[in-house]
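Novice:
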Amino acid sequence: MFNFCRSKCHKNFKMKRNPRKVRWTKAYRRTAGKELAEDATFEMERRRNRPVKYNRETVAKTVRAMKKISEVRARRQERFWEARMARAKGAKVAAERKELEQQIHLIKAPGAAKAAEAASEKLKVAAGENAQEDSMVE
262 MFNFCRSKCH
272 KNFKMKRNPR
282 KVRWTKAYRR
292 TAGKELAEDA
302 TFEMERRRNR
312 PVKYNRETVA
322 KTVRAMKKIS
332 EVRARRQERF
342 WEARMARAKG
352 AKVAAERKEL
362 EQQIHLIKAP
372 GAAKAAEAAS
382 EKLKVAAGEN
392 AQEDSMVE
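Taking the working numbering, the leading residue of the sequence shown gets 262, the next gets one more, and so forth.
In structure tokens form, the structure reads like this:
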């Protein structure tokens with residue numbers, strides 16, 4: 262018998278949905294490479310069939326180890342996420358640059374280019390007149 266976390270999961274199971282194709286499931290996130298799939302810390306959580314005799318020291322060690330494991334797992338997940346985002350950032354910048362090159366006509370108005378050329382021509386003419394006046398003064 263299966264235990265489900267919520268009715269949504271149970272309904273999807275009864276409808277025979279493949280969890281690797283449903284985007285919100287852990288199975289999907291692992292197969293799509295969005296979460297760590299293989300990690301040594303997952304091995305420690307396996308269920309053991311043999312009961313262990315209670316020992317206070319062993320329990321204390323186990324609790325300390327559980328805290329340490331959760332810290333290690335958090336750091337690994339953070340590094341994994343940062344590496345994913347670094348790759349995605351490069352791709353995003355490239356896509357934005359390509360889109361900008363293709364859609365440059367939307368940014369630069371045709372009249373603005375002509376106005377800029379006219380303004381530069383006026384500056385050149387004004388600079389030439391100033392040079393002529395300076396030469397006359399000398």
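Note that CB positions come from ideal geometry on N, CA and C, so glycine has one too. Here the structure is a predicted model, which means the values were calculated and not measured.
Under three-state DSSP, which class holds W342?
Specialist: W342: helix per DSSP, three-state reduction.
Novice: Quick check: what's the CA-CA separation for A380 versus L367?
Specialist: When rounded, the distance between both Cα atoms is 22 Å.
Novice: Can you give the beta carbon distance from R291 to A298, rounded, assuming they're within the 8 Å contact cut?
Specialist: So it is a contact: roughly 4 Å between Cβ atoms.
Novice: Where do the ends of the alpha helix (DSSP H) carrying K277 lie?
Specialist: Taken as a continuous stretch (DSSP letters only), K277 belongs to no alpha helix (DSSP H), as it is neither H nor E.
Novice: From T323, R345 and G351, pick the residue whose C-alpha is nearest to that of A293; which is it?
Specialist: A293 has its Cα closest to that of R345, out of T323, R345 and G351.
Novice: Which of the three DSSP states is assigned to Y315 in this structure?
Specialist: It is coil, neither helix nor strand.
Novice: Tell me, to the nearest whole angstrom, how far the beta carbon of R281 is from that of A288; I am working on the premise that it is less than 8 Å.
Specialist: So it is a contact: roughly 5 Å between Cβ atoms.
Novice: Start and end of the alpha helix (DSSP H) containing K222?
Specialist: Shown here, the chain extends from 262 to 399; a query on residue 222 therefore has no answer.
Novice: For C266, which of helix, strand or coil comes out of DSSP?
Specialist: It is coil, neither helix nor strand.
Novice: I'd like to know whether the C-beta atoms of A321 and M305 end up nearer to each other than 9 Å.
Specialist: No, the Cβ-Cβ distance between A321 and M305 is not below 9 Å.
Novice: Helix, strand or coil: how does DSSP classify M305 here?
Specialist: Coil, per DSSP.
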